[in-house]
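Report on the following structure.
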Amino acid sequence: EINSGVSILPQTAILQELGSGTIKAIAFSNEKFVRPTGIILRKGKILGQAGRYFIELLRKKPQSMKSD
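Our numbering puts the first residue of the sequence shown at 703, with every later residue one more than the last.
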């Protein structure tokens, strides 16, 4: 935090910093950002329930997130 730099981050990742005022969010106007996501699994490993649910969420159609 030396008053320099720019980054594109999801709002949910910076809520604490926004609340304390250590960073400032600047909204983009109607821009859609897409991030590719990959899944890597160890061969022969069995996923637990939480892992299977997480992969199911990743595979579903992404939902739009609106900021307040």
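Ideal Cβ placement from N, Cα and C applies to all residues, glycine included.
Sub-8 Å separation of residue i and residue j beta-carbons
i      : j      : result
Ser742 : Leu760 : The identity of residue 742 in the sequence shown is Ile, whereas the question assumes Ser. No. Outside cutoff.
Boundaries (first-last residue) of the alpha helix (DSSP H) holding residue i
i      : result
Ser758 : The question names Ser, yet the displayed sequence has Glu at residue 758. That run of the alpha helix (DSSP H) goes 751-761.
Glu719 : 717-722
Anticipated Cβ contact below 8 Å, residue i with residue j, distance rounded
i      : j      : result
Ile710 : Glu719 : In fact, because the Cβ distance is near 14 Å, the residues do not count as touching under 8 Å.
Buried or exposed (CB count within 10 angstroms, at least 16 for buried), residue i
i      : result
Ser706 : exposed
Met767 : Residue placement at Met767 cannot be trusted, given a pLDDT of 46 that sits under 50; the coordinates are not used to answer.
Asp770 : Any answer about Asp770 is weak, because its pLDDT of 44 lies below 50 and its placement is not dependable; what the coordinates show is given next. The residue in question, Asp770, is exposed, as its Cβ has fewer than 16 Cβ neighbours within 10 Å.
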